[in-house]
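Residue numbers (the working numbering): 16 to 596.
Encoded as structure tokens, the structure appears first; notes follow it.
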């Protein structure tokens, strides 16, 4: 499964779009979650992920028919260890794959060249002439795949350059929802990209059955003022999470915390009792530069409103204005003063903070939930350094012993947009959407297997149970070449059969107390131009408060300055957009 670094430079304070989902009623007592016990999968007829969730996900009769036929084809030939979704919004899990089936018919492309601009988290793949995966991808798509891969740290800059140049690639990846390039909202409103609403709703969606299997809520979340400008890449509805060293807790004989005071005691033990023999010094937590002002564990623990709070009079208040946020920041400052937070947290990059976490320098760290499982996840990486290391997801208790909250995620990570000059030709727009439909093929399909694991025997090894494992060639060749689109997510991690159940339990618990951002689909012109200044203002001031340079009383000054420098205007514009929607 894809392991994007979704939890990047302070995504939460940049208008993370939230999925409005009714939470399943499961108990959450503030434990270190789902870390013990192995998965207990049942053996059921093999299905694709989409087929298993057709009732909740299919948006058209055609999609339902496609899913049913795929299910029938797979069930006729094999069974698979399958963990059915326990609640709405929780993905299905698999410990072995279903028998492959075809999810598309024919070749989607019509020849010619398709230029692609895509954010990248992997090393650049070998050039086409030396890359059999790239060559085979082009055969299966029916086009020449000319891709520009922009590293995460230069993505926004490179996107700005090609936008200014006026020659946008046929498929352009936009990451506006997480705030990397909020100025692209302006270019969308100015007509730079094709309005795809007629293709991706109603009868139009029937032509793209794999895209039709996306949940209805996903299409609502990606819309801007009711219009769809791109094909989203589905992700979990829950947002960022934390991870922790469960083995440290066990080594020290400590029980899971039930409130903030007990969490403080655990941070003290992680720091002072040296639970990691491979490190001369350890700390309770580590942060990443740029992420001080929205540490997930404290946002959840102190029940801070999700980005915005809709007041009874229809106005909006920003999360930094909430009394709960002041309590969260004060608690972080208390931990820092006690020496329980890694001192280089102010300056370390995301990669550095990740490396230090898996190496055992600190016991709790903020990451995307997708950063935990699989062969490249934090669990496996840490175990490769220290076989006794056991990193698992962490969901905190409420600070007072009650329930926490969970900031729900958008349900997608970016989307593939088609420039207006290209979309003027309906035939070309449909061709490009057909290619994206192919890339979005569901779990277990032949298309999915190639997308993720490449050419059998060249990029992977196929195990007797049908599990495909990437070899060094596959890891090098595939990279982010096809990642402009993907199908609905499932929980499948070859070699880690216990992880689908752990992920299901974690996601279900987070959804049960999930809270949405009321400004989910609203757009503020002022935010589009001032977001970087306003978010940096918040981050800089919170760093000073947490590290003791300023007192907690400085939060009041920050709120005043944030409002006067554009925050009040942003709140007014978003409130008006909500009222008019």
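Note that the Cβ used here is the ideal one computed from N, Cα and C, for glycine as well.
Do the CB positions of residue 389 and residue 395 come within less than 9 Å of each other?
As a working mapping, residue 389 is identified with position 374 in the chain shown. As a working mapping, residue 395 is identified with position 380 in the chain shown. Contact: yes.
Am I right that residue 101 and residue 519 are in contact with their C-beta atoms under 8 Å? What's the rounded C-beta distance?
As a first step, residue 101 is located in the chain shown; it is residue number 86 there, counting from the start. As a first step, residue 519 is located in the chain shown; it is residue number 504 there, counting from the start. That pair is a contact at about 6 Å.
Between residue 153 and chain D, is there a C-beta pair that is closer than 9 Å?
Protein chain content of the structure displayed is limited to a single chain, and chain D is not contained in it.
What ranges does the alpha helix (DSSP H) occupy inside the segment 244-275, keeping only unbroken runs of at least 4 residues that lie completely in it?
You should have 261-266.
With distances taken from CA atoms, which of 544, 540 and 470 is nearest residue 155?
Taking the chain shown and counting its residues from 1, the one referred to as residue 155 is at position 140. When only C-alpha atoms are compared, the closest one is 470.
Counting C-beta neighbours from all protein chains within 10 Å, is the total for residue 205 16 or more, i.e. buried, or is it exposed?
Within the chain shown, the letter at position 190 stands for residue 205. Residue 205 is exposed by the Cβ-count criterion.
Starting from residue 224, follow the alpha helix (DSSP H) in both directions and report where the run begins and ends.
Counting from one through the chain shown, the residue named residue 224 turns up at place 209. Run containing residue 224: 224-227, per the alpha helix (DSSP H) assignment.
Measure the alpha-carbon distance for residue 1 versus residue 413 and round it to whole angstroms.
Residue 1 lies beyond the range of the chain shown here (16 to 596); nothing can be said about it.
Give me the Cα-Cα distance between residue 346 and residue 264, rounded to the nearest whole angstrom.
In the chain shown, the residue the question calls residue 346 occupies position 331. In the chain shown, the residue the question calls residue 264 occupies position 249. Rounded to whole angstroms, residue 346 to residue 264 spans 21 Å at the Cα level.
Of all the options 443, 506 and 538, which has the alpha carbon lying nearest to the alpha carbon of residue 97?
One-based indexing of the chain shown puts residue 97 at position 82. The shortest C-alpha separation from residue 97 is found at 506.
Assign residue 386 to one of two classes, buried (16 or more other C-beta atoms within 10 Å of its C-beta) or exposed (fewer than that).
Counting from 1 along the chain shown, the entry for residue 386 is found at position 371. Label assigned to residue 386: buried.
In the DSSP output, which residue or residues are listed as bridge partners for residue 376?
Within the chain shown, the letter at position 361 stands for residue 376. Residue 376 pairs with nothing; no bridge assigned.
Return the first residue and the last residue of the alpha helix (DSSP H) that residue 138 is part of.
For the purposes of this step, residue 138 is identified with residue 123 of the chain shown, where counting begins at 1. Neither: residue 138 is in no alpha helix (DSSP H) and is coded neither H nor E.
Just curious, the alpha helix (DSSP H) that residue 163 is in, first and last residue?
Translated into positions along the chain shown, residue 163 becomes position 148. Residue 163 -> not in any alpha helix (DSSP H); beta strand (DSSP E) instead, spanning 159-166.
Grab me the residues of residue 430's own chain with a C-beta within less than 7 Å of its C-beta, minus the 5 sequence neighbours each way, in chain order.
Walking along the chain shown from the start, residue 430 turns up at place 415. Same-chain partners within the cutoff: 189, 237, 245, 246, 247 and 248.
Compare the Cα-Cα distances from residue 546 to each of 488, 230, 316 and 583 and report the closest residue.
Position 531 of the chain shown, counted from the first residue, corresponds to residue 546. For residue 546, the nearest C-alpha among the options comes from 583.
Considering just the uninterrupted stretch of the alpha helix (DSSP H) at residue 598, what are its terminal residues?
In the structure displayed, the chain extends from 16 to 596; residue 598 sits before or after that span and is not available.
Is DSSP giving residue 356 helix, strand or coil here?
Along the chain shown, read from residue 1 onward, the residue named residue 356 stands at position 341. Of the three classes helix, strand and coil, the one that applies to residue 356 here is strand, per DSSP.
Count the other C-beta atoms from every protein chain shown that fall within 10 angstroms of the C-beta of residue 107, then say buried if there are 16 or more, exposed otherwise.
In the chain shown, counting from the first residue as 1, residue 107 sits at position 92. Looking at its Cβ environment, which holds 16 or more other Cβ atoms inside 10 Å, residue 107 is buried.
With burial defined as no fewer than 16 other Cβ atoms inside 10 Å of the residue's Cβ, what is the status of residue 521: buried or exposed?
Looking up residue 521 in the chain shown gives position 506. Residue 521 comes out buried.
With which residues is residue 305 paired in a DSSP beta bridge?
Here residue 305 refers to the residue found at position 290 when the chain shown is read from its first residue. In DSSP, residue 305 forms no bridge with anything.
Taking the alpha-carbon positions, what's the residue 404 to residue 550 distance?
For the purposes of this step, residue 404 is identified with residue 389 of the chain shown, where counting begins at 1. For the purposes of this step, residue 550 is identified with residue 535 of the chain shown, where counting begins at 1. Roughly 35 Å separates the two Cα atoms.
Which residues bound the alpha helix (DSSP H) around residue 452?
Sequence index remark: in the chain shown, residue 452 carries index 437 (1-based). Looking at the DSSP string, the run of the alpha helix (DSSP H) that includes residue 452 is 441-454.
Find out if the Cβ-Cβ distance for the pair residue 302, residue 310 is shorter than 9 Å.
Looking up residue 302 in the chain shown gives position 287. Looking up residue 310 in the chain shown gives position 295. Going by C-beta atoms, residue 302 is nearer than 9 Å to residue 310.
Taking all protein chains shown into account, do 16 or more other C-beta atoms lie within 10 angstroms of the C-beta of residue 421, making it buried, or fewer, making it exposed?
Within the chain shown, the letter at position 406 stands for residue 421. It is buried - the Cβ of residue 421 has at least 16 other Cβ atoms within 10 Å.
So for residue 242, helix, strand or coil by DSSP?
In the chain shown, counting from the first residue as 1, residue 242 sits at position 227. Residue 242: strand per DSSP, three-state reduction.
Using a Cβ-Cβ cut-off of 7 Å (strictly less than) and excluding sequence neighbours within five positions of residue 351, which residues of its own chain qualify?
Within the chain shown, residue 351 is the residue found at index 336, counting from 1. The residues are 561, 562 and 563.
Can you tell me the Cα-Cα spacing of residue 463 and residue 451, whole angstroms?
For the purposes of this step, residue 463 is taken as residue 448 along the chain shown, with counting starting at 1. For the purposes of this step, residue 451 is taken as residue 436 along the chain shown, with counting starting at 1. The alpha-carbon atoms of residue 463 and residue 451 are separated by roughly 12 Å.
I'd like the list of long-range same chain contacts for residue 164, defined as Cβ closer than 7 Å, with 5 residues on each side in sequence excluded.
On the chain shown, position 149 is the one that residue 164 refers to. Hits under 7 Å: 133, 135, 139 and 495.
Does the Cβ of residue 179 have 16 or more other Cβ atoms within 10 Å, making it buried, or fewer, making it exposed?
Taking the first residue of the chain shown as 1, we reach residue 179 at position 164. Looking at its Cβ environment, which holds fewer than 16 other Cβ atoms inside 10 Å, residue 179 is exposed.
Does the pairing of the segment 222-233 with the segment 568-586 give three or more beta-carbon distances under 8 Å?
No, the segment 222-233 does not touch the segment 568-586.
Taking the CB atoms as reference points, tell me whether residue 114 and residue 481 lie closer together than 9 Å.
Position 99 of the chain shown holds residue 114. Position 466 of the chain shown holds residue 481. The answer is yes: Cβ separation under 9 Å.
In the DSSP assignment, find the unbroken alpha helix (DSSP H) run with residue 476 in it and report its ends.
Along the chain shown, read from residue 1 onward, the residue named residue 476 stands at position 461. Careful: residue 476 lies outside any alpha helix (DSSP H), inside the beta strand (DSSP E) at 475-477.
Compute the distance between the beta-carbons of residue 161 and residue 128, then report whether it is under 9 Å.
One-based indexing of the chain shown puts residue 161 at position 146. One-based indexing of the chain shown puts residue 128 at position 113. The answer is yes: Cβ separation under 9 Å.
Return the residue from the list 423, 446 and 531 that minimises the CA-CA distance to residue 256.
Numbered from its first residue, the chain shown carries residue 256 at position 241. For the residues 423, 446 and 531, the minimum Cα distance to residue 256 belongs to 423.
Kindly identify the DSSP beta-bridge partner or partners of residue 300.
Numbered from its first residue, the chain shown carries residue 300 at position 285. DSSP output for residue 300 lists 356 and 379 as bridge partner(s).
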